[in-house]
Amino acid sequence: MTTSNTRTPLSLTPERATFNALFSRAITEPRQLFASLDAYPTWLAPLLLLTLSTAAVSAWYYSVVDFDWLKEQALLNIADVNVRETARLAIQRSMLLTSALMHDLLLMPLGWALMALYLFGVSKLLAFNRSFRQWFALVVWSNMPHFLLLVSGAAQILLSTDGQISTSQVHPLSLNQLVLQLQSGPWIGLAEAVDVGLIWSILLLALGVRSWTRRSWPSRLAIALLPPFIVSGGWALVLAQGVMQ
């Protein structure tokens, strides 16, 4: 009698990871994250975490900030007295809060969807076999470092005792806060938009493109950098034209 040596073949597909495992991989082990998302492109949980936590910090900030002080800080750059008085009447706490919540809950995920659509188009053009859902999951998870920045922003709000905390202080790891230290002016918005989280996310996305496409470093960086470069470059161009005028 002979004994069969038949064995069940091992699956090359990774097991479905838990949310906690994916969160940890997004920060410490991105290559394992990309392998998991390739097999199971989950995106709803991180999307809800990022959008709702960002909206919560925005709501908290506008509920505790000294709004009269914040309004006066915003009006410092307006030289025309009539325009300044009109703006003083127009700027309301509810208006700024609504604008922030629209960005956090609608525009932010829409931007991620557009980025995923761009990557899906590139993958079709270059014959990479990845679906829109896979790219969208990769984009959302690549933005997970922003959650860590939210924690630092929330800490700044918590440490404020008089409510006189600017929106810049809620982004302590931005280019402006770390390097430029601009207090006012047309460039402060762009300087605040570029932060450690953005750079970290772009690098994660570039690593994901490399993992899924086997492209070279220059190619994957170019693919990941093109949309933010267009947005930031266009923003800077508009600002430069305004300054020159």
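Counting from 646, one number per residue, gives the positions in the sequence shown under the working numbering.
The beta carbon of each residue, even a glycine, is placed where N, CA and C say it ideally should be.
Quantities reported herein were computed from a predicted structural model and do not represent experimental measurements.
Given this structure, state the Cα-to-Cα distance separating residue i from residue j, to the nearest angstrom.
i                 : j              : result
tryptophan 845    : valine 784     : 12 Å
leucine 746       : threonine 696  : 9 Å
leucine 752       : alanine 701    : 16 Å
valine 711        : glycine 842    : Reading the sequence as shown, one finds aspartate at residue 711 and not valine. Rounded to whole angstroms, aspartate 711 to glycine 842 spans 27 Å at the Cα level.
leucine 807       : lysine 769     : Per the sequence presented here, residue 807 reads as aspartate, with leucine not at that position. Straight-line Cα distance between these residues: approximately 54 Å.
proline 654       : alanine 662    : With a pLDDT of 40 at proline 654, under the threshold of 50, the modelled position of this residue cannot be trusted; read the value that follows with caution. Cα-Cα distance, rounded: 21 Å.
glutamine 737     : valine 726     : 19 Å
asparagine 665    : alanine 732    : 46 Å
valine 709        : leucine 755    : 28 Å
threonine 647     : tryptophan 688 : Annotation note: pLDDT 47 at threonine 647 (below 50); position unreliable, coordinate value reported separately. Straight-line Cα distance between these residues: approximately 50 Å.
alanine 782       : alanine 838    : 23 Å
threonine 673     : leucine 667    : 10 Å
leucine 771       : tryptophan 786 : 23 Å
glutamate 690     : methionine 760 : The sequence shown places alanine at residue 690, not glutamate. Cα to Cα, the separation comes out at about 19 Å.
isoleucine 802    : tyrosine 707   : 10 Å
phenylalanine 773 : serine 861     : 14 Å
tryptophan 757    : asparagine 722 : 32 Å
arginine 775      : valine 815     : 37 Å
valine 883        : alanine 800    : 33 Å
Going along the chain, which residues of its own chain have a beta-carbon closer than 7 Å to the beta-carbon of residue i, five neighbours each way excluded?
i           : result
serine 797  : Pro817, Leu818
alanine 881 : Leu835
serine 649  : Below a pLDDT of 50, predicted positions are generally treated as unreliable, and serine 649, at 43, falls in that range; no measurement from the model is reported.
Could you have a look at residue i and say whether DSSP puts it in helix, strand or coil?
i              : result
serine 819     : strand
aspartate 711  : coil
aspartate 840  : strand
methionine 789 : coil
alanine 687    : Reading off the sequence, residue 687 comes out as threonine, not alanine. In the structure shown, threonine 687 sits in coil (DSSP, three-state: anything other than H, G, I, E or B).
lysine 769     : helix
glutamate 660  : coil
glutamine 809  : coil
asparagine 665 : helix
Below 8 Å on the Cβ atoms is my guess for residue i versus residue j; work out the distance and round it to an integer in Å.
i              : j              : result
asparagine 821 : serine 813     : 6 Å
arginine 778   : proline 686    : 5 Å
alanine 704    : leucine 742    : 7 Å
isoleucine 875 : valine 767     : Actually they are not in contact, since the Cβ atoms of isoleucine 875 and valine 767 sit about 14 Å apart, beyond 8 Å.
proline 873    : isoleucine 847 : 6 Å
leucine 720    : arginine 729   : 5 Å
serine 698     : leucine 795    : 6 Å
alanine 851    : leucine 827    : Actually they do not touch by this definition, with Cβ atoms about 28 Å apart.
Can you find the residues in the same chain that come closer than 6 Å, C-beta to C-beta, to residue i, ignoring five residues on each side of it along the sequence?
i             : result
leucine 750   : Thr696, Ala700
histidine 791 : Gly842
leucine 762   : none
Suppose the cutoff is 8 Å on Cβ atoms and the five residues either side in sequence are ignored; what does the same chain contact list for residue i look like?
i           : result
leucine 793 : Ile672, Gly842
The ligand SAH heavy atoms versus the CB of residue i: any closer than 8 Å?
i           : result
leucine 721 : As for the ligand SAH, it is missing from this structure, which has no ligand bound.
Quiz item: For the stretch 846 to 858 against the stretch 679 to 698, are there 3 or more C-beta pairs whose distance is under 8 Å?
Solution: yes
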